[in-house]
Each structure stands twice: as structure tokens, then as C-alpha cells.
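J.: Got a structure for you, questions after.
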Amino acid sequence: MRSHGSCSVRNGKAGSERVLWFSVSRTVCRRPFKPAIAMRASDCFSANWHIFKTFSGGMELATRETSIHQEHVMSASLNAQIAEVFDEPGCDKNQGKSEKERKRGCTKQLSPGSAAGGCAFDGAKIALQPVVDVAHLVHGPIACEGNSWDNRHAASSGSQLYRTGFTTDINELDVVYGGEKRLFRSVREIIEKYDPPAVFVYQTCVTALIGDDIEAVCKRATEQFGKPVIPVISPGFAGPKNLGNKLGGEAILNYVIGTREPEYTTPYDINVIGEYNLSGELWQTKPLLDALGIRILSCISGDGRYDEIASSHRAKVNMMVCSKSMINIATKMQRRYGIPYFEGSFYGIGDMSDTLRHIASLLVQQGAPDDLLERTERLIAAEEARAWERIAHYKARLTGKRVLLITGGVKSWSVVSALQEAGLEIVGTSVKKSTKEDKDKIKEIMGDDAHMIDGMTPREMYAMLRDARADIMLSGGRSQFVALKARIPWLDINQERHHPYGGYEGIVELVHEIDRAIYNPVWQQVRIPAPWGDDGGALGVVQAQAARPLSSAAHRGALGVVQAQATRPPSSAPGWGR
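Just so we're on the same page, our numbering is the position in the sequence shown counted from 1, plus 190.
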């Protein structure tokens with residue numbers, strides 16, 4: 191046991207035996223031992239923890255191999271890894287901090303009423319789970335796997351093994367005796383039943399606190415079964431979800447990348463980093479690259495394969511999609527293997543075209559034929575013309591509509607560009623999860639009067655929507671009920687969405703979905719006041735407005751009439767309440 195728990199000895203009722211109770215957090219375990227055996231509380235926390243078992247009247251002394259020294263080594267290793275991740279040369283904001291501020295990372299203090307967000311374990315799991323042919327084993331309580339399973343909706347073009355949830359499901363006895371043997375047996379069972387190319391083992395809070403050395407177990411399993419068993423050291427208490435993304439990237443860097451060679455290489459090989467293939471977005475971009483002869487050697491990690499990621503060090507260019515999550519992979523691959531990287535976006539016509547140009551330019555610099563640049567321009571011209579032709583129908587209906595964008599990271603600026611291309615006006619975009627580079631790009635796109643929202647409470651969000659300062663809100667599922675309460679159209683733009691919005695096809699699909707949401711007839715119905723709360727005057731105004739989608743000004747006018755009528759007692763006008 192460690193200092194995180196408590197130990198006490200007290201008399202039990204079972205004959206001459208006494209019962210030793212161990213309490214770790216809120217979990218209580220008990221086991222009998224003979225009164226002749228004396229055990230102090232400090233012994234439970236000692237370097238070598240003695241476990242007593244009774245066998246047919248005899249005593250067997252089992253010594254747990256994990257020592258305090260080993261636990262301190264593991265803790266120091268995790269702290270060193272976190273410090274290394276926080277010292278990120280690829281992040282200007284990070285480099286601008288003092289040494290003390292850098293150690294604190296990029297976390298913010300929680301405020302009452304706001305969501306805490308995911309933990310480091312959750313971040314590592316969602317960053318690596320899209321590797322589709324790997325078995326993802328969570329070493330911890332079953333709830334850790336249940337809460338993190340498939341919350342990205344990452345799509346696969348092949349294996350579905352990544353959608354199978356594996357967990358050691360440790361219990362109270364494992365907390366007392368250790369869960370390393372259970373972990374080893376679980377790895378063996380997975381390899382025997384599923385034969386994956388590799389097994390990723392995720393550490394959780396509980397198994398980190400009790401001192402399970404999953405790195406040693408993974409090393410032993412790799413040697414015995416001949417399969418890579420990769421430890422992902424990212425317990426939840428280490429920090430927020432963004433830190434977990436990077437710790438997951440560290441596991442890829444330390445144990446996977448560079449361990450295998452590709453069957454062949456070409457001058458057109460690239461890696462796509464920080465792309466999770468949400469709802470199949472990668473598949474909307476891959477045909478464009480295929481048309482240019484550009485091969486995605488590996489995608490980290492959406493629709494990724496273990497062998498592809500292991501051989502990704504032979505790529506010529508790295509494209510970073512979400513620098514907030516995996517910038518450490520791009521910067522370290524540049525230092526170790528000399529692979530240049532850039533941050534691009536697949537959202538919007540202009541950004542998609544710029545990304546293709548940037549990829550082609552870097553590949554030519556790395557030795558690809560010069561004709562790649564000309565072929566890229568021809569492809570861009572053809573795809574842009576086709577996309578604009580399809581958007582023209584919607585642009586006439588959407589020009590001037592106001593959008594409130596509550597998202598983060600790369601989408602805080604890339605989606606802004608896509609929406610503006612369709613004629614929509616951005617009244618605000620969330621930058622809570624955005625980097626300094628993201629904010630600079632927002633200012634570049636929207637100008638100096640960019641409405642960047644660093645933190646908006648649900649109450650403030652509701653007030654903004656209620657006053658009709660936006661015609662639609664684009665956000666994740668956590669904010670949808672605020673929009674619905676304000677009777678404003680809402681569209682899912684985060685990872686839970688069911689439509690891909692990447693590439694030229696994606697922007698057309700996004701505009702189509704926004705048009706469907708704004709002009710959905712349901713909003714004409716929900717904006718009509720209940721007849722029993724009105725004397726008919728305001729009802730007529732709102733019914734007239736409901737005949738067509740409300741503009742912001744009309745919505746405010748009708749809302750004012752309704753609020754004015756609501757201050758008077760209901761009238762006894764004929765036809766109501768009879």
C-alpha cells in the first residue's frame with residue numbers, strides 16, 4: 191500500500207482471527223491473518239510489502255516485487271516526460287512563457303458552472319484509439335474504458351478491432367495485491383483470441399497510484415508473445431485532455447515510429463498528423479492527393495494502421511492538422527529524421543487549396559519533380575470551380591445570416607474561413623482551446639474586429655441567442671440545449687457529428703446542412719407563443735413572421751411584443767381557452 195490509503199488493525203468476529211482492513215480512497219478490502227503475526231501500519235507502506243496467505247495451517251510469505259524506489263522512478267519518469275512535453279519549441283506561446291509558467295502547462299483554473307473537460311487518460315485514449323488494427327487495453331476500473339470508448343466517431347476503412355473495448359477491470363483485491371499479473375494475463379488473452387499487430391496498454395489513475403509497473407509488464411509481454419505491447423503512461427491525474435494527447439504522442443514516438451521499414455518509398459510520401467478521420471473526413475481529401483500521385487504513408491491516427499505508423503519516419507513531409515494535440519510528434523520527427531512539417535487545414539475552399547499548394551511545394555523542395563506544382567494548380571482550379579458552382583444555390587439563401595461558432599483548436603479559424611466563403615457572418619468564435627497561432631489566424635481572416643470568445647458561460651450564451659444576435663449556432667453536443675432553449679437552429683460541428691466537412695466536398699456538405707437547419711419548418715412552430723399566455727395581438731405578429739425564416743431584426747421585434755404582452759394579465763378574448 192502507499193501513502194494514498196490508510197491501514198488499521200482491529201478485532202474481527204471470526205474465531206481467533208483478526209481482520210486487517212485496508213482503505214484506499216473509498217474502497218475497503220479485508221483479509222484475515224493470525225494474531226501471532228504482528229503488522230504495523232508502516233509495514234503496509236514499506237518498500238517491500240509483505241502479503242500473508244494461509245495454506246492448510248501453514249504460512250507462506252509472498253513479497254511484492256514493486257518497491258518504493260521503483261515507484262519513485264516511475265513518478266520521476268512521468269514528471270520528466272510531462273516537463274518535456276510542456277517545453278515545446280513548436281509553440282510560440284509556450285516559448286514566450288517563463289520557466290515557472292511553463293511548468294504549469296496550458297491549463298486554466300476551473301470556474302463554478304463550467305465543465306472540467308477530459309483528463310489526461312481520456313486525451314491519450316481519444317488520440318490513439320483511431321489506430322484501427324490495434325487492441326486498446328485499459329488497465330484500470332471498467333468505468334475508465336466505458337467513459338472513453340469510441341467518443342470520437344473515427345471511421346475505419348478496414349479493421350474494426352479498435353471498436354472493441356478491452357479492460358482489465360481491476361477490483362478491490364487488485365488494489366491490495368497489485369494488478370500486474372491480471373494485466374499480463376489480459377494481454378495474453380487478447381493476443382491469443384484476436385492476434386492484433388500490437389496492443390496499446392493505457393495506464394489509469396488507480397493503477398498508477400498503487401504502483402503497477404506497466405512498462406515492465408509490457409516489456410515482458412513483448413518478449414514472450416513476440417508482439418509489440420506499448421505502454422501509454424498517461425494517468426488521469428497527470429493533467430487535462432490536451433496533455434494526454436501529447437503523452438499519447440510520446441508513446442508513439444518512443445515505441446512505434448521508426449521500428450519498421452515500409453515496403454517501398456516514393457518522392458511523394460507524406461504523413462498526416464492530428465487527423466482523426468471523424469465521420470470519414472480523411473476520405474474526402476485522400477482522392478485529391480491520389481489524383482496528384484501523393485501517397486499518405488501514414489495518418490496519425492485516423493484510420494491508421496500500426497505498420498504504417500511504425501514506418502512513418504520515411505515520409506518526405508509531415509502535415510499537422512491539429513497542433514493543439516500532437517505538435518510534439520511533428521517537431522520531434524523533424525529533429526530526429528529531418529522531416530519538415532507545416533500546419534494546414536482541410537476545411538473551406540481557400541484553406542484546402544492552400545494546403546495542397548503547401549504540400550506540393552514542400553515535396554518539390556524535398557526532391558519531387560517540379561511538374562507537381564503545375565498539376566496541383568490544375569487540380570485546384572477544377573475542384574474550386576465545381577465547388578463554387580454547387581455552393582451558389584445556397585449562398586443566395588445564406589448571405590447575411592449570423593453564426594455563433596463555439597468550438598476550439600484548428601476549427602476556430604478554419605471553419606470561420608469556410609463559413610465566410612458561403613456568405614455567412616461570424617458574430618463570435620470560441621478560442622478557449624486555441625493556441626496563439628490559431629488566434630493570429632482568426633485575426634488575419636476576420637480582421638481586427640474579430641469577436642473571439644475566450645470563455646462564455648451557458649447563461650451568457652443563452653442571452654446572446656435569445657436576443658437574436660445569431661441565426662444559428664455551431665458547436666458541440668454540450669451546448670446544443672442552450673440553443674434549443676433559445677429556439678435557435680443548432681448544428682453539430684465537433685467530433686460527435688455524423689457528416690464529414692473536410693475538403694471541397696465537405697464545404698458543400700457543411701453549407702447544405704446549415705441551410706437545412708436554418709430553414710427547417712420546426713423553427714416556425716417553436717417560435718409561436720402558447721395561445722393561453724397571449725391575447726392574440728402578439729400571436730398574430732409572430733405567426734406572420736413564422737411564414738418565413740426570421741431575420742434578426744424581425745425576431746427582436748416579435749420578441750419585444752411577446753414580452754410586452756407577457757407583463758399584462760391574459761385577456762378573455764373569444765376563442766382562447768374555451
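Built from N, CA and C at the ideal position, the CB exists for glycine as well.
Since the structure is predicted, the reported quantities are computational estimates derived from the model, not experimental observations.
Verify whether the separation of the beta carbon atoms of residue 392 and residue 343 is less than 8 angstroms.
T.: Not in contact: residue 392 and residue 343 (Cβ atoms no closer than 8 angstroms).
J.: Return the chain-ordered list of same chain residues with a C-beta closer than 6 angstroms to the C-beta of residue 400, the five sequence neighbours on each side being excluded.
T.: Taken in chain order, the residues that qualify are 365.
J.: Compare the C-alpha of residue 417 against each of 389, 589 and 484 and name the closest.
T.: Cα-wise, what sits closest to residue 417 is 389.
J.: Could you pull the start and end residues of the alpha helix (DSSP H) that residue 474 belongs to?
T.: Per DSSP, residue 474 belongs to the alpha helix (DSSP H) from 472-481.
J.: With DSSP run on the structure shown, which of helix, strand or coil describes residue 369?
T.: In this structure, residue 369 counts as coil in the three-state DSSP scheme.
J.: Just the Cα atoms here: how many angstroms apart are residue 351 and residue 323?
T.: For residue 351 and residue 323, the distance between alpha carbons rounds to 6 angstroms.
J.: In angstroms with no decimal places, state the Cα-to-Cα distance between residue 249 and residue 273.
T.: Below a pLDDT of 50, predicted positions are generally treated as unreliable, and residue 249, at 33, falls in that range; the measurement from the model is reported next regardless. Looking at the two C-alpha atoms, the distance is approximately 46 angstroms.
J.: Can you give the beta carbon distance from residue 463 to residue 516, rounded, assuming they're within the 8 angstroms contact cut?
T.: Correct: roughly 5 angstroms between the Cβ atoms.
J.: With burial defined as no fewer than 16 other Cβ atoms inside 10 Å of the residue's Cβ, what is the status of residue 476: buried or exposed?
T.: Classification for residue 476: buried.
J.: Just the C-alpha distance for residue 368 and residue 410, rounded to the nearest angstrom, thanks.
T.: Those two C-alpha atoms are separated by around 17 angstroms.
J.: Where residue 672 and residue 597 are concerned, what is the direct C-alpha to C-alpha distance, given to the nearest angstrom?
T.: C-alpha separation (whole angstroms): 14 angstroms.
J.: For residue 593, list the residues DSSP reports as bridge partners.
T.: 616 and 662, per the DSSP bridge assignment.
J.: How big is the Cα-Cα spacing for residue 718 and residue 685?
T.: If you take the alpha carbons of residue 718 and residue 685, they lie about 33 angstroms apart.
J.: Using a 10 Å radius around the Cβ and a threshold of 16 neighbouring Cβ atoms, would you call residue 586 buried or exposed?
T.: Under this definition residue 586 is an exposed residue.
J.: Give a yes or no on whether the C-beta atoms belonging to residue 699 and residue 709 are separated by under 8 angstroms.
T.: No.
J.: By DSSP, does residue 718 sit in helix, in strand, or in coil?
T.: Coil.
J.: Examine the ligand ATP and report whether any of its heavy atoms sits within less than 7 angstroms of the Cβ of residue 704.
T.: You won't find the ligand ATP in this model; it holds no ligand whatsoever.
J.: In the structure shown, what three-state DSSP assignment does residue 493 receive?
T.: Coil at residue 493, not helix or strand.
J.: From the DSSP output, in three-state form, read off residue 402 for me.
T.: DSSP places residue 402 in coil when its eight states are reduced to three.
J.: Decide if residue 647 is buried, meaning its Cβ has at least 16 other Cβ atoms within 10 Å, or exposed.
T.: Label assigned to residue 647: exposed.
J.: Have a look at 578, 590 and 436 and flag the residue whose alpha-carbon is nearest the alpha-carbon of residue 696.
T.: The candidate whose alpha carbon is nearest that of residue 696 is 578.
J.: Whole angstroms is fine: what's the gap from residue 535's alpha carbon to residue 667's?
T.: Those two C-alpha atoms are separated by around 23 angstroms.
J.: Are the C-beta of residue 477 and some C-beta of chain D separated by less than 8 angstroms?
T.: No chain D appears in the structure shown, which is made up of a single protein chain.
J.: Along the chain, where does the alpha helix (DSSP H) that runs through residue 329 open and close?
T.: Per DSSP, residue 329 belongs to no alpha helix (DSSP H); it is in the beta strand (DSSP E), 325-329.
J.: Starting from the Cα of residue 423, find the closest Cα among 669, 432 and 437 and give me that residue.
T.: The residue with the shortest Cα to Cα distance from residue 423 is 437.
J.: Residue 561 by DSSP, collapsed to three states: which one?
T.: Helix, per DSSP.
J.: Over the uninterrupted beta strand (DSSP E) stretch that includes residue 507, give me the two end residues.
T.: That run of the beta strand (DSSP E) goes 507-510.
J.: Please report the distance separating the alpha-carbon of residue 238 from that of residue 385.
T.: Because residue 238 sits at a pLDDT of 33, beneath the cut-off of 50, its placement in the model cannot be relied upon, and the following sentence gives the value as read from the coordinates. Taking the straight line from one Cα to the other gives about 36 angstroms.
J.: Does the Cβ of residue 160 have 16 or more other Cβ atoms within 10 Å, making it buried, or fewer, making it exposed?
T.: Nothing about residue 160 can be read from this structure; the chain reaches only from 191 to 768.
J.: Check the C-beta distance from residue 493 over to residue 347 and give it rounded, since I have them as a contact under 8 angstroms.
T.: Between residue 347 and residue 493 the Cβ distance is about 6 angstroms, and since that is below 8 angstroms, they are a contact.
J.: Excluding the 5 residues flanking residue 275 on each side, which residues of the same chain have their C-beta closer than 8 angstroms to its C-beta?
T.: So the list reads 433, 436, 437, 440 and 518, once near-sequence residues are dropped.
J.: Tell me residue 504's beta-bridge partners as DSSP assigns them.
T.: Residue 504 is not bridged to any residue.
J.: To the nearest whole angstrom, what separates the beta carbons of residue 593 and residue 615, a pair I think is in contact under 8 angstroms?
T.: The pair is a contact, with the Cβ atoms about 7 angstroms apart (cut-off 8 angstroms).
J.: Should residue 269 go down as buried or exposed, given a rule of 16 or more other Cβ atoms within 10 Å for buried?
T.: Looking at its Cβ environment, which holds fewer than 16 other Cβ atoms inside 10 Å, residue 269 is exposed.
J.: Look at the alpha carbon of residue 618 and the alpha carbon of residue 642, and state the distance between them as a whole number of angstroms.
T.: In a straight line, the C-alpha of residue 618 is about 6 angstroms away from that of residue 642.
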